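For the protein sequence lines, the chains are A and B, in the order given. Once you know that position 331 of the first sequence is 392 in the working numbering, the rest is easy, because the numbers rise by one and skip nothing. Once you know that position 302 of the second sequence is 363 in the working numbering, the rest is easy, because the numbers rise by one and skip nothing. What follows is one structure encoded as C-alpha cells, with my remarks underneath.
Number of protein chains: 2
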Amino acid sequence: MKEIEVRVPAGRAQSYRVVIGHGIVGQVLDRTAELLPGRRVFVVTDANLARCGHFARLVGRRQVESYTIEPAGEISKNMETVGRIVEAMEAASLGRDTVVVALGGGTVGDIAGFAAAIFKRGVAVVHVPTTTVSQADSAIGGKTGVDSTSSKNAYGAMHHPSSVLVDVDTLASLDARQFNSGLVESVKHGLIADSAYFEYLERNIDKILARETSALEYIAAANVRIKGSIVQEDPTEENLRRVLNYGHTIGHAVESASNYGLLHGEAVAIGLVAAGMIEAELGLGNAARCARVKNILERLVVPTEVPEGIEPAELIDTMQRDKKAVAKWPRFILLEDIGRVYSKAGQWAVEVQREVVEKVLHILCRQ
Amino acid sequence: MKEIEVRVPAGRAQSYRVVIGHGIVGQVLDRTAELLPGRRVFVVTDANLARCGHFARLVGRRQVESYTIEPAGEISKNMETVGRIVEAMEAASLGRDTVVVALGGGTVGDIAGFAAAIFKRGVAVVHVPTTTVSQADSAIGGKTGVDSTSSKNAYGAMHHPSSVLVDVDTLASLDARQFNSGLVESVKHGLIADSAYFEYLERNIDKILARETSALEYIAAANVRIKGSIVQEDPTEENLRRVLNYGHTIGHAVESASNYGLLHGEAVAIGLVAAGMIEAELGLGNAARCARVKNILERLVVPTEVPEGIEPAELIDTMQRDKKAVAKWPRFILLEDIGRVYSKAGQWAVEVQREVVEKVLHILCRQ
Numbered sequence: 062m063k064e065i066e067v068r069v070p071a072g073r074a075q076s077y078r079v080v081i082g083h084g085i086v087g088q089v090l091d092r093t094a095e096l097l098p099g100r101r102v103f104v105v106t107d108a109n110l111a112r113c114g115h116f117a118r119l120v121g122r123r124q125v126e127s128y129t130i131e132p133a134g135e136i137s138k139n140m141e142t143v144g145r146i147v148e149a150m151e152a153a154s155l156g157r158d159t160v161v162v163a164l165g166g167g168t169v170g171d172i173a174g175f176a177a178a179i180f181k182r183g184v185a186v187v188h189v190p191t192t193t194v195s196q197a198d199s200a201i202g203g204k205t206g207v208d209s210t211s212s213k214n215a216y217g218a219m220h221h222p223s224s225v226l227v228d229v230d231t232l233a234s235l236d237a238r239q240f241n242s243g244l245v246e247s248v249k250h251g252l253i254a255d256s257a258y259f260e261y262l263e264r265n266i267d268k269i270l271a272r273e274t275s276a277l278e279y280i281a282a283a284n285v286r287i288k289g290s291i292v293q294e295d296p297t298e299e300n301l302r303r304v305l306n307y308g309h310t311i312g313h314a315v316e317s318a319s320n321y322g323l324l325h326g327e328a329v330a331i332g333l334v335a336a337g338m339i340e341a342e343l344g345l346g347n348a349a350r351c352a353r354v355k356n357i358l359e360r361l362v363v364p365t366e367v368p369e370g371i372e373p374a375e376l377i378d379t380m381q382r383d384k385k386a387v388a389k390w391p392r393f394i395l396l397e398d399i400g401r402v403y404s405k406a407g408q409w410a411v412e413v414q415r416e417v418v419e420k421v422l423h424i425l426c427r428q
Numbered sequence: 062m063k064e065i066e067v068r069v070p071a072g073r074a075q076s077y078r079v080v081i082g083h084g085i086v087g088q089v090l091d092r093t094a095e096l097l098p099g100r101r102v103f104v105v106t107d108a109n110l111a112r113c114g115h116f117a118r119l120v121g122r123r124q125v126e127s128y129t130i131e132p133a134g135e136i137s138k139n140m141e142t143v144g145r146i147v148e149a150m151e152a153a154s155l156g157r158d159t160v161v162v163a164l165g166g167g168t169v170g171d172i173a174g175f176a177a178a179i180f181k182r183g184v185a186v187v188h189v190p191t192t193t194v195s196q197a198d199s200a201i202g203g204k205t206g207v208d209s210t211s212s213k214n215a216y217g218a219m220h221h222p223s224s225v226l227v228d229v230d231t232l233a234s235l236d237a238r239q240f241n242s243g244l245v246e247s248v249k250h251g252l253i254a255d256s257a258y259f260e261y262l263e264r265n266i267d268k269i270l271a272r273e274t275s276a277l278e279y280i281a282a283a284n285v286r287i288k289g290s291i292v293q294e295d296p297t298e299e300n301l302r303r304v305l306n307y308g309h310t311i312g313h314a315v316e317s318a319s320n321y322g323l324l325h326g327e328a329v330a331i332g333l334v335a336a337g338m339i340e341a342e343l344g345l346g347n348a349a350r351c352a353r354v355k356n357i358l359e360r361l362v363v364p365t366e367v368p369e370g371i372e373p374a375e376l377i378d379t380m381q382r383d384k385k386a387v388a389k390w391p392r393f394i395l396l397e398d399i400g401r402v403y404s405k406a407g408q409w410a411v412e413v414q415r416e417v418v419e420k421v422l423h424i425l426c427r428q
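Set out below in C-alpha cells:
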C-alpha cells in the first residue's frame with residue numbers, strides 16, 4: 062500500500078468591473094472588445110429581449126454569433142437548453158478564446174453563465190442584466206445554474222464574470238410586476254446591510270417606481286456595492302454570504318408551493334415579512350419594524366401574505382428539503398436591527414425552533 | 062456612469078491522497094466514510110464494471126444509491142448521460158453532503174466527475190480508477206467532461222477529487238488491448254519526466270504484461286507521482302501541464318481520423334513515434350532514441366504507424382481545429398532527451414513548421 066499526496070494550489074484572486082449607467086447596451090461589444098481583445102463573441106439572450114429591441118441595439122450593424130432562448134423564462138432553465146447552447150457554440154467552431162455575452166434577466170444570466178462555465182471547461186462571460194432583480198442580485202456573485210425537474214438551481218457552477226454592464230435604460234421595457242418584484246432584493250439589501258439605503262428606498266420609492274434614471278442608477282450602484290462586498294468576503298458561501306438568503310428560506314418554500322405562480326421577488330417579499338415576524342417572536346424585532354418593512358413592500362404592490370390555497374404543512378415540508386437544510390431543518394438569517402444581521406457564535410445562519418416557524422406560518426396563511 | 066470593482070479572492074489550496082494497492086475496492090466505502098464522515102454516497106459505474114463484479118465487491122452488503130452508465134464506453138460520454146445522472150441524484154433526494162464514487166475507467170471518471178462538479182454547484186468525488194489509462198492518467202488532475210457531437214471533452218469542468226483509490230486488482234479483468242494501450246501513458250510519463258522510470262519500463266515489461274501485482278503497484282505509484290507533480294505546479298494548464306500532451310497532438314488527430322476505431326493509448330502511441338520523428342528532423346532527437354521508443358511500444362503490441370486509409374491531409378485538417386490551436390496551428394511538446402522536455406523562451410509547447418509535420422506524417426502514413 063502506497064499513499065501519495067497531490068496538492069491543488071490556491072486559485073488566483075481576480076476582480077471584475079461593474080459599470081452602471083444608461084445607454085450602455087449599444088456599447089457592450091466595444092467595451093467587451095476593449096476588455097478582452099481578440100475574443101470571439103457569442104451572445105445569449107431570450108425571445109423577450111429580442112422583441113424589446115435590446116438585442117438589435119446591442120448588435121448594431123455587426124455580425125455576431127448568438128443563441129436565443131425560446132420560450133423565455135424559467136421553463137427553459139434546464140440542462141437541455143444548456144446543451145443546445147454549447148452545441149450552438151461548437152457548431153460555430155468556437156474555442157477557448159470565446160466570450161459569452163449574456164443579455165437578459167436572471168434566467169438568461171444563469172443559463173448563459175453555466176454554458177460559459179462548462180464550454181471547453183470554462184470561457185469568459187460578460188453579464189448585461191436587464192431586469193431589476195438581475196441588476197440587483199443575480200449578475201453579481203458568480204452563481205450560475207439551471208433547474209432540475211424537481212428543484213431550482215439544482216445543477217450549476219460558480220463562474221465569475223469578466224465584467225457586468227448594467228444599463229438602467231433596459232428597465233423601461235419591463236412590465237410593472239417584473240419591475241416591482243425585482244425591487245424586493247433592493248429592500249433586502251437595505252435590511253441586511255445598510256439602514257441609510259433602506260431609508261433612501263423609503264424616501265425615494267416614488268421616483269424609483271416612476272423609473273427615473275438617476276434613482277435607478279443610485280439603487281443599482283448601492284445594490285452592487287452591498288452584494289459585491291458580501292460575496293467578496295465569502296465567495297464560496299460558507300458563512301457571511303448566507304446573509305443574502307434573508308427572507309429566502311420561507312420565500313423559496315412559498316415560491317415552490319405556488320408552482321412558480323409567484324415571481325421570485327414576490328415570494329421573497331412574503332419571506333421578508335415572515336422573517337420579521339420570527340424576529341418579533343424571538344425578541345430580536347418588534348411590531349414597529351415589521352410595519353416599516355410591510356409598508357415599503359406594499360408600496361411595491363407585492364404580496365405580504367401567503368396566497369390562498371397554500372397550507373403551512375406544505376411549506377414546512379418544502380423547507381425540510383431545502384438545499385441548505387441541516388438534519389432536515391433549514392437555518393435562518395435574522396435581523397437584530399435594520400441594516401444589521403443577528404449572529405450567534407460567529408454564525409449568520411441560526412437555528413430557529415420549528416414551533417416558532419409554524420406559528421408564524423399559521424398567521425401568514427390564515428389571513 | 063459609475064464603476065464598482067468586485068474582488069474575487071483566491072480559492073483555498075487543497076490536497077488529496079492517492080492510495081495505491083491491491084484489494085482496495087472492497088474498502089472504498091469505509092475509506093470514503095472515514096475521509097468524509099456523514100456524507101451520503103452515490104456510486105457511478107458502467108455496465109462493464111457491473112459485469113466484472115467490481116461493483117458488487119465495492120458495495121458488499123450495503124445499500125447504496127447508484128447509477129450504471131449503459132452502454133459502457135465513449136458513446137455514452139455526452140451531456141444526456143450527465144443529465145440523467147444528476148436527475149438520478151435529485152430523485153434520490155441528495156444534497157450538498159453527497160460524495161460521488163466513480164468506479165470505472167476514464168470515461169466513467171470523466172462523466173461522474175462532471176456530474177459531481179455541477180450537482181448543487183459541486184459535491185465531492187472519489188475516483189476508483191479500474192483501467193491502466195485511468196490509473197496512470199485521467200483520475201489525477203481534476204479534468205472532467207463529456208464529448209460534443211463533434212469533439213472530445215468539449216464540455217466540462219475542473220473538479221479535483223477528494224481522494225483517488227487505485228486498486229491494481231481491477232486490472233485483472235481488462236482485456237489485453239485495453240490493458241496494453243493504457244500503458245502507453247506510462248511510457249509517455251517516463252519520456253517526459255523520468256528516464257529511470259522509462260528504463261524500469263524497458264526492463265520490467267514482461268512482469269507488467271504478466272500483470273504481476275508488485276510491478277503494477279510500482280508503475281501506478283510512479284505515474285501518480287509524475288502526473289501529480291506536474292498538475293500541482295500548473296493546475297489550470299497554462300504552461301507546464303501541457304507537457305502531459307506529449308504525443309497527443311498528432312495522437313488526437315489520428316484517434317479522430319480513425320473514428321475512434323483506435324483506442325486513445327493506441328493513437329497516442331502513434332503520436333509518440335511521430336513526436337520522436339519530429340525531434341529527429343529538428344535535431345533534438347536521433348534515430349537511436351526513436352528506436353528505443355518504438356521498441357517498447359511494439360512490446361505493448363500497439364500500433365506505431367498510421368492505419369491504412371488515413372491520409373496526412375485529414376490529420377493536418379483535424380490538427381487545425383485542435384482545442385489548443387493558436388492561429389489554426391497547434392503547438393507541440395518535444396523532448397530534448399528521454400525524461401526531459403524541450404522548452405523555448407520558457408514555453409513548453411513550441412511551434413513546429415507545418416512542413417516538418419507534413420513530412421513526418423507522409424512517412425508514417427506511407428508504410
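Here a beta-carbon is modelled for each residue, glycine too, at the ideal position from N, C-alpha and C. Being a predicted model, the structure only gives us computed values, none of them experimental.
- For the pair P373 (chain A) and H423 (chain A), the CB atoms are nearer than the 8 Å cut-off.
- Taking the Cα positions, S317 (chain A) is about 29 Å away from R286 (chain A).
- Taking the C-beta atoms as reference points, V417 (chain B) is found nearer than 8 Å to E342 (chain B).
- Between V186 (chain A) and the set A:K204, A:P70, A:F259, the nearest pair of CA atoms involves A:K204.
- In this structure the stretch 238 to 252 of chain B lies against the stretch 284 to 303 of chain B, because at least three pairs of beta carbons, one per stretch, are closer than 8 Å.
- Taking C-beta separations shorter than 6 Å and ignoring five residues to either side along the sequence, the partners of A173 (chain B) in its chain run V105, V161, A163, following chain order.
- Secondary structure note for K63 (chain B): it is in no alpha helix (DSSP H), and the uninterrupted beta strand (DSSP E) holding it is 63 to 69.
- Only S211, S212, A215, Y216, G217, A218, M219, H221 from the stretch 211 to 242 of chain A bring a Cβ to less than 7 Å from some Cβ of chain B.
- Against V79 (chain B), the close residues of chain A are K63, E64, I65, E66, V67, in the order they occur along the chain (beta-carbon pairs closer than 9 Å).
- Taking a beta-carbon distance threshold of 8 Å, E95 (chain A) does not count as an interface residue toward chain B.
- Nearest CB-CB separation between E135 (chain B) and chain A: not below the 8 Å threshold.
- V80 (chain B) sits close to E64 (chain A), with the two beta carbons spaced by under 8 Å.
- Chain B has a Cβ within less than 8 Å of the Cβ of K384 (chain A).
- In the DSSP assignment, G217 (chain B) falls within the unbroken beta strand (DSSP E) covering 216 to 219.
- Nearest to R427 (chain A) by C-alpha distance, out of A:S404, A:T365, A:V413, is A:T365.
- By the rule that beta-carbons nearer than 8 Å mark a contact, E151 (chain A) touches chain B.
- Contact between G167 (chain B) and V194 (chain B) holds: their C-beta atoms lie close to 5 Å from each other, under 8 Å.
- In the three-state reduction of the DSSP assignment, A163 (chain A) falls in the strand class, which pools E and B.
- Judged by DSSP in its simplified three-state form, H83 (chain B) adopts coil rather than helix or strand.
- Of the candidates B:M140, B:S223, B:G183, the residue whose Cα lies closest to the Cα of E95 (chain B) is B:S223.
- Here DSSP, grouped into helix, strand and coil, assigns Y128 (chain B) to strand.
- Membership of F103 (chain A) in the beta strand (DSSP E) is indicated by the continuous run 101 to 107.
- The closest CA to that of I311 (chain B), considering only B:S275, B:K268, B:A254, B:E375, is found on B:E375.
- Per DSSP, S137 (chain A) lies in no beta strand (DSSP E) segment and is marked neither H nor E.
- If you check the CB distance, I331 (chain B) and V387 (chain B) do not come in under 8 Å.
- Under the three-state reduction of DSSP output, Q414 (chain B) falls in the coil class, being neither helix nor strand.
- In this structure, A:V147 is the residue among A:V147, A:S211, A:G170, A:Q196 with its C-alpha nearest to the C-alpha of R182 (chain A).
- Residue range 373 to 381 is occupied by the alpha helix (DSSP H) that includes E375 (chain B).
- Against chain B, the beta carbon of E126 (chain A) has no neighbour under 7 Å; the closest one sits roughly 16 Å away.
- Of the residues B:A149, B:F116, B:L110, the one whose Cα lies closest to the Cα of P132 (chain B) is B:L110.
- In the DSSP assignment, the residues bridged to Y77 (chain A) are B:V67.
- T210 (chain A) counts as exposed, since fewer than 16 other C-beta atoms from the protein chains shown sit within 10 angstroms of its C-beta.
- In this structure, A:Y403 is the residue among A:V363, A:Y279, A:D378, A:Y403 with its C-alpha nearest to the C-alpha of I339 (chain A).
- Contact between P296 (chain B) and V69 (chain A) holds, since their C-beta atoms are separated by about 6 Å, short of 8 Å.
- Using beta-carbon distances, V184 (chain B) does not count as an interface residue toward chain A, since no partner is under 8 Å.
- Bounds of the beta strand (DSSP E) holding S224 (chain B) are 224 to 228.
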